[in-house]
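Trainee:
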Ligand code: SAH
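In the numbering used here, the protein residues as written are 167 to 606.
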């Protein structure tokens, strides 16, 4: 049995208009790109993707993304979403995956077993295992649980993300081929989670990247209410799963919020890029900070942060909508100093070409923050840009230390919470880096 409150009639209700909308969008994408579902059934019929010479090694090493540039030729005319075999230039079998001619990731790989059939049971077992591993570590009676249930490549399901917020499930699809298997995933989610409703969130740019024409909406059951309430580390948060950022909450920072709370007793804390108050409230409530100032450019996020403070009876945290660089300038002019500063900026670059500019941005932000820190102050600094390595962040901190004439001691080097694991086969997904430092 699982703990999630379940309205036995809701999840399996006949389609309402919004449900049909989403289904139609997925179906119309499918119609535009007919799937040759049975090509795998006839031996020797599976379409083949043949790699260029010397390009096979990462895929024997189980990296799941085959970019267009690695492919020499495509045989037996696969259609968008079809199962394909990946072969080396010497025609050795490497793996099985799904094809999308509209995406720069031309093939996403899902199995390295030639005998495996990538059909319903395969997808159902994969998602079942991913969800099972998360259910092992959560309190099944907690109706406000917030967890990532499926984390794309980390769970061998490149293109599928599933989050659970109490009675509701949020799905993000970032692969056209995976979107065509949605029904298989839904069967398992409904069986294991019994959600009151399942809502689809889409990422900007997905139409250009994948040829996937989807928009947000209800897939099954009832629409999630706004706000929806979750509890994290004993703190309640109202979240907006329909309009909020990501799927409504930055679930990946759960363990980092708990970690910083251990350093901030009686501190004046500045939480930059605070969104709906995740770190702020952890510092105020768990950590007994003396005062917390949360800054974010999003008015909606700030309103939600203020409501969240009220919800938890927190009177020591105040929130203000402002652009962070402007705020930092103002605080400098006012000669304000803090005991702890949290820096959790949005992704600074999506492309290698933007890396240098991104590092200058991280440098500037961290330098300005360090200038506002009292001696022996605590800095929690993050990067969620996948292209920025741990080493790059360390180098950046080293330059900041040298130029501000402070010593920066790294106390903890952290990642995303464990429901967002990183597959050793796809280290690009180790996007979140979090350093807790003492600035002497
Ligand atoms: N720390 C947050 C998550 C931060 S995500 C948490 O724990 O939930 C990044 C945030 O930066 C978003 O809320 C976004 O609204 C905000 N943001 C983006 N650019 C900004 C800017 N220039 N100044 C202030 N906030 C900004």
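Think of the CB as a built atom: it goes at the ideal place given N, C-alpha and C, for glycine as much as any other residue.
Just so it is clear, the structure is predicted and the values come from calculations on it, not from any experiment.
1) If you draw a straight line from the alpha carbon of residue 505 to that of residue 534, how long is it in whole angstroms?
2) Would you call residue 390 buried or exposed, if buried means 16 or more other Cβ atoms sit within 10 Å of its Cβ?
3) Taking the runs of the alpha helix (DSSP H) that are 4 residues or longer, which of them lie wholly in the region 275 to 357?
4) Say the cut is 7 angstroms; is the CB of residue 500 nearer than that to a heavy atom of the ligand SAH?
5) Could you pull the DSSP bridge partners for residue 222 from this structure?
6) Assign residue 422 to one of two classes, buried (16 or more other C-beta atoms within 10 Å of its C-beta) or exposed (fewer than that).
7) When you measure from the CB of residue 469 to every non-hydrogen atom of the ligand SAH, does any distance come out below 7 angstroms?
8) Please determine, among 599, 577, 330 and 320, the residue with the shortest C-alpha to C-alpha distance to residue 590.
9) What do you reckon, is the C-beta of residue 463 under 7 angstroms from a heavy atom of the ligand SAH?
10) I need the DSSP call for residue 189, collapsed to helix, strand or coil.
11) Could you check if residue 274 is buried or exposed, using at least 16 other CB atoms within 10 Å of its CB as the buried criterion?
12) Select from 439, 432, 363 and 425 the residue whose C-alpha is nearest the C-alpha of residue 408.
13) Quick check on the DSSP output: what are the complete beta strand (DSSP E) runs of length 3 or more inside the region 227 to 262, in order along the chain?
14) So residue 474 packs on residue 447, CB below 8 angstroms; how close in whole Å?
15) Going by the beta-carbon positions, is the gap between residue 581 and residue 598 smaller than 8 angstroms?
16) Suppose contacts are defined by Cβ-Cβ distances below 8 angstroms. Is residue 432 in contact with residue 451 by that definition?
17) Just the Cα atoms here: how many angstroms apart are residue 285 and residue 269?
18) Identify every residue that forms a DSSP beta bridge with residue 580.
19) For residue 538, which residues from the same chain have a beta carbon less than 8 angstroms from its beta carbon, with the 5 sequence-adjacent residues on both sides left out?
20) So for residue 382, helix, strand or coil by DSSP?
21) Would you mind working out which of 354, 481 and 553 sits nearest residue 518, comparing C-alpha positions?
22) Which whole-angstrom value is the C-beta distance of residue 430 and residue 544, which I expect to be below 8 angstroms?
23) Is residue 449 near the ligand SAH, going by C-beta to nearest heavy atom under 7 angstroms?
24) Report back the beta-carbon spacing between residue 248 and residue 265 to the nearest angstrom; my notes put them in contact at under 8 angstroms.
25) Could you compute how far the alpha carbon of residue 299 sits from the alpha carbon of residue 557?
26) Between which residues of its own chain and residue 354 is the CB-CB distance below 8 angstroms, once the five residues before and five after are set aside?
27) Suppose contacts are defined by Cβ-Cβ distances below 8 angstroms. Is residue 476 in contact with residue 402 by that definition?
28) If you compare alpha carbons, which of 377, 356, 312 and 382 is closest to residue 366?
29) Drop a sphere of 10 angstroms on the beta-carbon of residue 199, count the other beta-carbons inside from all chains shown, and report buried for 16 or more, exposed for fewer.
30) Please tell me whether residue 396 and residue 332 are closer than 8 angstroms, where the distance is taken between their beta carbons.
31) Under 7 angstroms: does the beta carbon of residue 631 sit that close to some heavy atom of the ligand SAH?
32) In angstroms with no decimal places, state the Cα-to-Cα distance between residue 241 and residue 213.
33) Taking the alpha-carbon positions, what's the residue 311 to residue 586 distance?
34) Thinking residue 440 and residue 471 are a contact (beta carbons under 8 angstroms), I'd like their distance in whole angstroms, please.
35) Smallest Cα separation from residue 584: which of 302, 220, 229 and 252?
36) Measuring alpha carbon to alpha carbon, tell me which residue in 256, 218, 527 and 272 is nearest residue 233.
Mentor: Reading from the atomic positions:
1) 14 angstroms
2) buried
3) 286 to 301 and 342 to 345
4) no
5) DSSP, once it has assigned bridges, lists no residue as partnering residue 222.
6) buried
7) no
8) 320
9) yes
10) For residue 189, the predicted model reports a pLDDT of 48, less than 50, meaning its position is unreliable and no value from the coordinates is stated.
11) buried
12) 363
13) 231 to 233, 237 to 241 and 249 to 253
14) 6 angstroms
15) yes
16) no
17) 22 angstroms
18) 600
19) 436, 494, 497, 498, 502, 503, 504 and 507
20) coil
21) 553
22) 7 angstroms
23) no
24) 5 angstroms
25) 31 angstroms
26) 290, 293, 294 and 297
27) no
28) 382
29) Low confidence applies here, because residue 199 scores a pLDDT of 39, under 50, leaving its location unreliable and the question unanswered by this model.
30) yes
31) As displayed, the chain neither begins before 167 nor continues past 606, which places residue 631 out of reach and without an answer.
32) 6 angstroms
33) 15 angstroms
34) 6 angstroms
35) 302
36) 272
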